[in-house]
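Q: Chains as they are written, first to last, in numbering that gives the first Met the number 0: chain A, 0 to 501; chain B, 0 to 947.
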Amino acid sequence: MTGSLLPLLVVVPLLGAALGALVPGGIARAMVVLSPVLTTAGGVALLVTHRDTPVLAHEVGGFIPGIAIPLVSDTFTAVMLTVTGLTTTACIVFALITGEARLRYFPTLVMMLSAGVNGALMTGDLFNLFVFIEVMLLPSYALIAMTGTWRRLGVGRLFVVINLVTSTILLVGIGLVYGVAGSVNMAVLTDMDADDPRFRLAVGVLLLALTVKAGVVPMHGWLPRAYPATSATVMALFSALHTKVAIYAVFRIHQTVLDGAAEWMTLLLVLFTLTMLVGAYGSLGERMIRRSLAWQMIAGVGYILVGVGIGTELGLAAGLFYMVHHILVMGSLLLSSGAIEHAYRTNQFVGLAGLMRREPVLAVIMALGMMSLIGFPPSSGFFGKVSLARAAADLDGFQLWLVFGALTVASIGTLLAMSRLWADVFWGPPMEEMPSRGRGRTEPPVVPEDTRMRLRTLVPAGALLLVSLAIFVVPGPLGEWCLQAADGLLDVTAYVESVTTS
Amino acid sequence: MTLVWLLAALAAAPVLVFPLTSALGRRAGWPLAIGFLALAAAMIPSGREVLDGGEITQTVAWLPALDINLALRLDGLGLVFVMIALVIGAAVFLYSVEYLGESRQLGFYLWMAAFALGMVGLVLADDLILLFACWEITSLASFLLIARSGSGAESASARTLFMTFVGGLTLLIAVVLMIVTTGTTSMSQSLTSDVWTDRPGFTAVVAVLVAVAGFTKAAQFPFHPWLPDAMAAATPVSAYLHAAAVVKAGIYLLLRFSEAFSDVPVWNTLLISVGLFTAAMAALFAFQQHDLKRLMAYSTVSQLGLITAAIGVGTEKALTAAVIHTIAHALFKSGLFMMVGVIDHSAGTRDIRRLPELRRIMPWSFATVILGTAGMAGIPPLLGFVSKEMILGSMLEAPGPAWAGMLALAAAGAGSVLTFAYSAKIVLGAFVDGKRELKDCHGPSARLFLPAAAPIWVGLPLGLTVGVFNTPVERAVQAMGSSAAYPLKLWHGLAPELLVTAAAIAAGAALMTRRRALYRLVENDFLPGTGADALERIFHEARRLGRTISKSVAADHPRRHVVPPLIVLTLLLGVGSLAVLTAGDDVPATQPDLWRPVDVGLLVLIALGVVGTCRADSRIAATVSLGATGIAVTVQLFALGAPDVGLTQLMVEVLTVLVIMMVLRRLPGRFGHSHLRRPGGPLVLAGGLGIGAGVATWLLTGRREKSVPADYYLAEGTKVTGGDNLVNVILVEFRALDTLGELAVLGLAGVAIVAVLATVPSRTLDPPRRTHRPSLRPVQALRDPQARAALTDPQSNLRALQLLLRVVVPVLLVLSAVIFWRGHNAPGGGFIAALVASAAVALVYLSRPDDRAVGPPRVHIALIGGGVLTALATGLIGYADSSFLQPLYGTVAGTKLSTSLLFDVGVYAAVLGVVMVAFDRLGAAPEHDPDAESAAEAPLGRTKEGIV
């Protein structure tokens, strides 16, 4: 792959989005499956390319470096493109199976979301990052309000408002960076003195906005409120794309622009470990599958960002490894919940019971998914947890025990939350014999005895899970990519050279 | 047989279980048992090599990035445990065939096979992370085996998982610390590192972590409650669990790590004290039990306590004793558990209060249980006697002052008394005492009895010929870093331990003669609650914490969620600005001429507009204030000399207000917000944030020369692009990618509106009628027909506007075209031009008496899609040269043209399209059919939560 092809990763899905609005629904649905498959293929091609060429850059429009907007890909980008593409594919296939994709303009909106994601992952320009985040957000405003419970409309407003405020902060941050540095090109910004308090403040505002998007404590509350009210498909998409792109940008900007060196590392570690803990235990307090998982998303954000807080090569690599694992497993679990909802019309604990005997395939998929989330073998979560612990062991004193303590307590919280979910949903009496716990509006729907899931609704979740299991068996390549990506974040010479000379 | 093949064969077992159980049902235990025995036999050559003093290693890379390998190593210690896992496993499988119910039993065989895999992997692992992985697998397998035993076992299995998981976490921390400090993932290298002698503090920390991990699995106080809890599982599971697998994993870990820690005082103290306390405590609890299985469970806890204490002593003799007792315990405990199952099968109960005098019909079982319990109680000449006596003897070697050893021996002796007592209770309770009639009991079948009895009976000859264990145990002890093992003998002479054993037997026997009184004495619980209760309490508290956390954000109103980011932003701006001000270096001076008087006036206007918007209770008033703010900002832009941006802003403001007005028709007239009565908090936040933002802006902006890109645009912009209007050429050429993105955002906003509205029935969009009805009342009250018509008849009402249109629309269209065309060189461009055209569309729409859309149906979507497509296509043309979005230049009829003009056409179309969507979809009047009224009464938020 060559650099000049990078824009196509944005152009193709965007073209699909525009065409999708004009052509008949069937064709649009064909395109919407194809688009993330192409993204995944592009990601894989880039992974292959980066074995020899660590960084590919392209100045869009052919203007001189520093003026043109650069699109850049390194191993980090390629890994993210691949895994987000893969997860998006699974989500879309699920939407096709459940019929959600038949909603008017659903394909168009999803393809635009993909275009935004791909752009945000590749751009080397802060303002352009803002633009691509907007490209992601706009279809999301619609998607969150299109399917799900009636609450989706109310929380749609919450989602819009919180993102508008956050985007404003992001834009202010970018403005301040330009005010101080006179450029928003990341490669140019590496020349700035990372110890200059003015520059730091400007970048700090920028990073703050990104952490709000990621759902870092104490700015997390909107996420478990908003996401579970939309459909499982959309939540799975958002889980794989929105929070993760924000995290990606935090990794990228913190390392590339701020050079990762700052005495606020302890503060960051406190915030991120708190995020782990709050997410893990918040999950325990919920009585709906997807609400519980929404808190796990927050916990995951903490785990991933602790990698940045550790800041070493292994720390960054471990964070990235955890991110890949989390995207896959969260996608699998959310789509499993979607399959439950498709068959049983609810994801509340009170409306579900005894699914282990009733739906053995689902039980296997979700059990393995939850094990992966907790960090048990044989799943990607095992290495996610181990590599984070291994990276944390390089820390000293307070930081060391802070991370170890949080890792322990948060893991226990996740274990308890998942045990509870399992006990309430998968154990217990057969659903027809459930004691009626009718309490007005929360009364569970009556489930006919012969209601069963259709196996194909479990295919996307199962496929993502298989990837997670495969990572346990053969973790080598992913580990290698993560290390390479971390190297690229720590030593930006190749990145800068590629952007400023291409 | 190589180690990898052994593991591969064991890994294949869980897979083979599927076809085996579907073909043979519960009889799948036979091929599995044969397979396990065959594997044990196949390991004999390797075993012989190990016994000859060698060791076998094999390594396959697993995660090279972290230097994690599938490193396997067979030494003396591993050999002992591998053999226990395989042979006891085979016995349990044989027994299960007869014991289990007549069904497929897939889960049982599957998890048992996985269990064996985990256990063998654990004892073969030479990589610290692989060790941890196998450790977790045994945790999981035991959880699954317990959980599948019916609904009563579910909460017990969750508690088991919790306990072993906590131990797993401490083990994980221990191994990563070891890897970092000793610089290797290889366990054998890590354990022999110099670190353990050089850094006592660190060593103590790791030793405690490992000890805790070992305690959780080996069910040592205070982590013991899970093991009696796990009795809910089927009997073969318990037999394997207690004899060969999970708990022995804990013992294995402690044995393995004693190589590094046997001289560490914390390790010695912790293991000896916890081990002996557990041994005595659990023996007492065991004596309390009526259920034979629970009794056995506590006896396991007690026996493991002894082994733990011996490991804690850490001398050659103690470690030898620990290893040999592990073997002895594996034999008699697996047998005894299976015998309990035999009793259960024969008499239908395991409760000794309800068991008849079974010795009358089950003499062989009687003899077997006597033999097994005798081994447990340490009665000569059984293997259990040899091992137990060695443990007692090793207590005297406990590090520290001599009285410590005496104390340890005394404690172990006290435990032995109780051990004898509960062993006797098993025999007497099951076979001797009892009033129940025997008629509904039956003797066991040979196929059930033989696998259960075999492990117990071999204890007799092995005790007499204990010398055969000398070499294996010596190799095992050597694997733990000791130079030689203590010789195993049945008769050690008149050592103190023999006296203790004799005393314990005598005391125990004496106690049992008064057993009825004793049973009554211990009948009541000693403690207010059980360990399970305590754990459930922890779970309960954790859930409460969880509910507190999730409730703390349980609000859907954006206000609740916007405040935290804004508070953090305020803090960041405050702290950051202070850091700038207090930093040593001077802040660069501001550029000259940044301030003009007009700015102050505009600032005041904007501020007033914002205050007005916030204070307004009527939605219309708020909209007007917002519009005023927007206009003031527009003026500010013009004042700054940015006509392009200013024009755009102006058009956007006008159209925004128009669209808002259309939406307002569907909303109540007033906000009715009560929070404004207590505006203190928001005001403080707004004030703080405003000051922070102001200071940051003052400090961070306007303090440098023109930026490099700015200089470039000014110097080269026109030369490169041929356009004089730099703002426009930046938008459509230099940063066309940004514009493409924003164009997509704007255009797809139209699609989004259509998409969302399509999922909501239109009637539910409208509020109940009463909120907008009042405004019509004065009109209906009007008597004068002409006046009334003027207000209510849309036709006549719109005449003036329609007349105006005829003039204004053509002018606007021409204006739009001109603005578009000149955009490249003068203020203008596609965006502004489209907004001007939109104004024309808005006028046409407003002049209509009905709510029909402007233009043919779907024209707006076509405009949006076409616009984005045009822009993209223009970008792709750039590939004709070198890059996406590269503008190509040419001269047509003497005018220098750029493909960016085409790009601007895309912008134009998309913007026009989105404005048309807004009018079309949001402009339609609220419907008023009576059905809609009732449907609209139910507020959306209160409808049932369920998938729609």
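Where a beta carbon is used, it is the ideal one built from N, C-alpha and C, also for glycine.
Predicted model only: the values in this text are computed from it and were never measured.
In chain B, which residues lie less than 7 angstroms from residue 20 of chain A when you measure between Cβ atoms?
A: Per Cβ cutoff of 7 angstroms: 750, 860, 863, 864.
Q: Keeping to the same chain, check which residues put their C-beta closer than 7 angstroms to that of residue 341 of chain B; ignore five residues upstream and five downstream.
A: Same-chain partners within the cutoff: 364, 443, 447, 448, 451.
Q: With a cut-off of 8 angstroms, do at least 3 Cβ pairs link the segment 117-133 of chain B to the segment 64-83 of chain B?
A: At 8 angstroms Cβ cutoff, the stretches touch.
Q: In terms of DSSP beta bridges, what is residue 464 of chain B paired with?
A: Looking at the DSSP assignment, residue 464 of chain B forms no beta bridge with any residue, so it has no partner.
Q: Let me confirm a value: residue 888 of chain B is counted as buried when at least 16 other C-beta atoms fall within 10 Å, else exposed. Which label applies?
A: Exposed is the call here.
Q: For chain A, check one thing: does any of its Cβ atoms lie closer than 8 angstroms to the Cβ of residue 135 of chain B?
A: Yes, because at least one Cβ of chain A sits closer than 8 angstroms to the Cβ of residue 135 of chain B.
Q: Can you pull the chain A neighbours of residue 555 of chain B, defined as C-beta to C-beta under 9 angstroms?
A: The contacting residues are 150, 153, 154, 156, 157, 224, 225, 228.
Q: Answer with buried or exposed for residue 938 of chain B, where buried requires no fewer than 16 other C-beta atoms within 10 angstroms of its C-beta.
A: Model confidence at residue 938 of chain B stands at a pLDDT of 36, short of 50, so the residue's coordinates are unreliable; what they give is reported in the following sentence. With fewer than 16 Cβ atoms within 10 Å of its Cβ, residue 938 of chain B is classed as exposed.
Q: Threshold first: 4 residues or longer. Then list the alpha helix (DSSP H) segments lying entirely within the segment 352-427 of chain A, N to C.
A: Runs of the alpha helix (DSSP H) inside the segment 352-427 of chain A: 354-357, 359-373, 379-391, 396-424.
Q: So, for residue 438 of chain A: in the same chain, excluding its five sequence neighbours on each side, which residues have a beta-carbon less than 7 angstroms away from its beta-carbon?
A: Interpretation of residue 438 of chain A is limited by its pLDDT of 48, a score under 50 that renders its predicted location unreliable; the figure taken from the coordinates is listed afterwards. If we look at residue 438 of chain A and ignore the five residues flanking it on each side, it has no Cβ neighbours.
Q: Would DSSP call residue 477 of chain B helix, strand or coil?
A: Helix.
Q: Indicate whether the contact test is met: 3 or more Cβ pairs, each with one atom in the segment 366-384 of chain A and one in the segment 407-422 of chain A, closer than 8 angstroms.
A: Flag = yes, the segment 366-384 of chain A and the segment 407-422 of chain A touch.
Q: Determine the chain A residues that contact residue 706 of chain B at a beta-carbon separation under 9 angstroms, and present them in chain order.
A: Ordered by position in chain A, the residues that pass the 9 angstroms Cβ test against residue 706 of chain B are 177, 180, 181, 182.
Q: Spatial neighbours of residue 481 of chain A within its chain, please: CB distance less than 6 angstroms, with the 5 preceding and 5 following residues excluded, ordered by chain position.
A: Around residue 481 of chain A: 316, 319, 320.
Q: Residue 696 of chain B lies in the beta strand (DSSP E); which residues open and close that run?
A: It is not in any beta strand (DSSP E) - residue 696 of chain B instead sits in the alpha helix (DSSP H) that spans 679-699.
Q: Would you mind giving the Cβ-Cβ distance between residue 499 of chain A and residue 193 of chain A, rounded to the nearest angstrom? I have them listed as a contact below 8 angstroms.
A: That pair is no contact at about 18 angstroms.
Q: Can you pull out the residues from the segment 533-544 of chain B whose beta carbon lies closer than 7 angstroms to at least one beta carbon of chain A?
A: Answer set for the segment 533-544 of chain B: 538, 541, 542, 544.
Q: Measure the alpha-carbon distance for residue 605 of chain B versus residue 115 of chain A and round it to whole angstroms.
A: Distance between the alpha carbons of residue 605 of chain B and residue 115 of chain A is about 34 angstroms.
Q: As an exercise, report each continuous beta strand (DSSP E) stretch of at least 3 residues that is fully enclosed by the segment 185-221 of chain A, in chain order.
A: Whole beta strand (DSSP E) segments, 3+ residues: zero.
Q: What residues in the segment 546-572 of chain B bring their beta carbon closer than 9 angstroms to a beta carbon of chain A?
A: Per Cβ criterion, the list reads 546, 547, 548, 549, 550, 551, 552, 553, 554, 555, 556, 557, 558, 559, 560, 561, 563, 564, 565, 566, 567, 568, 571, 572.
Q: Could you tell me whether the Cβ atoms of residue 106 of chain A and residue 27 of chain A are closer together than 8 angstroms?
A: Cβ atoms of residue 106 of chain A and residue 27 of chain A: closer than 8 angstroms.
Q: Report yes or no: is there a C-beta of chain B within less than 8 angstroms of the C-beta of residue 140 of chain A?
A: Cβ-Cβ to chain B under 8 angstroms: yes for residue 140 of chain A.
Q: For residue 724 of chain B, does the three-state DSSP call read helix, strand or coil?
A: Three-state DSSP puts residue 724 of chain B in coil, outside helix and strand.
Q: Would the C-beta of residue 796 of chain B count as close to the ligand FMN, meaning under 7 angstroms from any of its heavy atoms?
A: Annotation note on the ligand FMN: not contained in the displayed structure, which lists no ligands.
Q: Pull up the DSSP beta-bridge partners for residue 55 of chain B, would you.
A: DSSP lists B:73 as partners of residue 55 of chain B.
Q: May I ask you to list the residues that DSSP assigns as paired with residue 96 of chain A?
A: None; residue 96 of chain A has no bridge partner.
Q: Determine the DSSP secondary structure at residue 438 of chain B, reduced to helix, strand or coil.
A: Here residue 438 of chain B sits in coil by DSSP.
Q: In angstroms with no decimal places, state the Cα-to-Cα distance between residue 964 of chain B and residue 716 of chain B.
A: In the structure as shown, chain B starts at 0 and stops at 947, and residue 964 of chain B therefore has no counterpart that could be examined.
Q: Assuming residue 865 of chain B and residue 908 of chain B are in contact, meaning their beta carbons sit under 8 angstroms apart, how far apart are those beta carbons, in whole angstroms?
A: So it is a contact: roughly 5 angstroms between Cβ atoms.
Q: What three-state label does DSSP hand residue 70 of chain A in the structure shown?
A: Correct three-state label for residue 70 of chain A: strand.
Q: To test your reading of the DSSP string, which unbroken alpha helix (DSSP H) runs of 4 or more residues are found completely within the segment 109-147 of chain B?
A: Whole alpha helix (DSSP H) segments, 4+ residues: 127-146.
Q: Once the 5 residues before and after residue 176 of chain B are set aside, which same chain residues still bring their CB inside 8 angstroms of it?
A: Counting only Cβ-Cβ distances below 8 angstroms, and skipping sequence neighbours, we find 201, 204, 205, 208.
Q: When you compare only the Cα positions, how much space is there between residue 704 of chain B and residue 841 of chain B?
A: Residue 704 of chain B and residue 841 of chain B: Cα-Cα distance of roughly 44 angstroms.
Q: DSSP puts residue 712 of chain B in a beta bridge; with which residues?
A: The partner list for residue 712 of chain B (beta bridge, DSSP) is empty, contrary to what the question assumes.
Q: Terminal residues of the continuous beta strand (DSSP E) containing residue 56 of chain A?
A: Run containing residue 56 of chain A: 55-59, per the beta strand (DSSP E) assignment.
Q: Output yes if chain B places a C-beta closer than 8 angstroms to the C-beta of residue 26 of chain A; else output no.
A: Taking Cβ atoms only, chain B never reaches closer than 8 angstroms to residue 26 of chain A, which makes this a no.
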